[in-house]
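Below is one structure, written out as structure tokens, with a few remarks after it.
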Amino acid sequence: MAEFRIRKAAESDLDEIIRLWKRNIRTINTASDIAELFYSFENYFFVAVSLASAEHRLIGFVGGAVRQGHGHISGIAVDKEYRRRGVGNGLIKAVEREFSTNAFDTVTLEVRQSNWRAIRFYEKQGYKRSYIVKGYYADGEDALVYTKKKLKSLQ
Ligand SMILES: CC(C)(COP(=O)(O)OP(=O)(O)OC[C@H]1O[C@@H](n2cnc3c(N)ncnc32)[C@H](O)[C@@H]1OP(=O)(O)O)[C@@H](O)C(=O)NCCC(=O)NCCS
Numbered sequence: 151m152a153e154f155r156i157r158k159a160a161e162s163d164l165d166e167i168i169r170l171w172k173r174n175i176r177t178i179n180t181a182s183d184i185a186e187l188f189y190s191f192e193n194y195f196f197v198a199v200s201l202a203s204a205e206h207r208l209i210g211f212v213g214g215a216v217r218q219g220h221g222h223i224s225g226i227a228v229d230k231e232y233r234r235r236g237v238g239n240g241l242i243k244a245v246e247r248e249f250s251t252n253a254f255d256t257v258t259l260e261v262r263q264s265n266w267r268a269i270r271f272y273e274k275q276g277y278k279r280s281y282i283v284k285g286y287y288a289d290g291e292d293a294l295v296y297t298k299k300k301l302k303s304l305q
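Under our numbering, read the sequence shown as residues 151 to 305, first letter to last.
Now the structure itself:
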């Protein structure tokens, strides 16, 4: 039996999404930044729910957005104890399907140069390194921009 299920996020998930975001991603985004993204792009937010407990706890989320005419992944995270079980894969596939349904065929994202786990994950998902943005993060770290094109033909 599956251990988790992916579904569209609802407004009642927002507090948990903020918790997951802040706990798992090195960010200066505040709760209100995250809430603003959520209300602007709710359609592109998905959550992973653990089926192991009766409470159906949220164990991961992905937050997508539309930026300059293409899909963008603003944040994705899975709680530590649930990683390497395909949850991240399920989340990213869900948001990619939503982009594709809405005729966005390209997806971009930024990742910290030092975040090799996420880099491995994105490369496994078919994302290709496009360019570097020097000093992108508030602490001065560079961002690597990754892109996935032609979503439809890949799925
Ligand atoms: C990146 C992240 C979302 C991946 O979630 P996950 O549920 O562990 O990913 P999956 O189990 O679906 O992994 C799919 C594949 O990606 C690759 N991968 C994922 N994590 C990896 C790691 N730590 N090291 C190497 N490869 C990894 C593997 O190929 C993996 O397949 P495998 O387990 O069969 O080898 C998770 O590590 C995370 O929450 N990290 C902290 C938050 C973060 O950095 N987010 C990205 C910046 S916004």
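Glycine included, each C-beta is placed from N, C-alpha and C at the ideal position.
Keep in mind the model is a prediction, meaning the values are calculated, not measured.
Next on the checklist: Could you give the first and the last residue of the continuous alpha helix (DSSP H) run that contains L187?
Outcome noted: 181 to 190
Checklist entry - So is the beta-carbon of K298 under 6 Å away from any non-hydrogen atom of ligand 2? => result Looking for ligand 2 in the displayed structure turns up nothing; the ligands present are ligand 1.
Checklist entry - Any idea which residues DSSP pairs L208 with across the strands? => result V199
Checklist entry - Between the Cα of I223 and the Cα atoms of S190, A204, A159, V245, which residue gives the shortest distance? => result V245
Next on the checklist: According to DSSP, is F249 part of a helix, a strand, or is it coil?
Outcome noted: helix
Checklist entry - Can you tell me where the alpha helix (DSSP H) with E166 in it begins and where it stops? => result 164 to 174
Checklist entry - Would DSSP call G214 helix, strand or coil? => result strand
Item to check | Buried/exposed call for I178, threshold 16 Cβ in 10 Å | outcome: exposed
Checklist entry - What whole-angstrom Cβ distance do N279 and L294 have, given they're in contact under 8 Å? => result Correcting the residue identity first, residue 279 is Arg in this sequence and not Asn. About 6 Å separates the two Cβ atoms, so the contact holds.
Checklist entry - Grouping DSSP H, G and I as helix and E and B as strand, with all else coil, what is Y281? => result strand
Item to check | Backbone secondary structure at G240 - three-state DSSP | outcome: helix
Item to check | Per DSSP, cross-strand counterpart(s) of L294 | outcome: V261, I282
Checklist entry - Under 6 Å from any heavy atom of ligand 1, does the C-beta of I226 make it? => result yes
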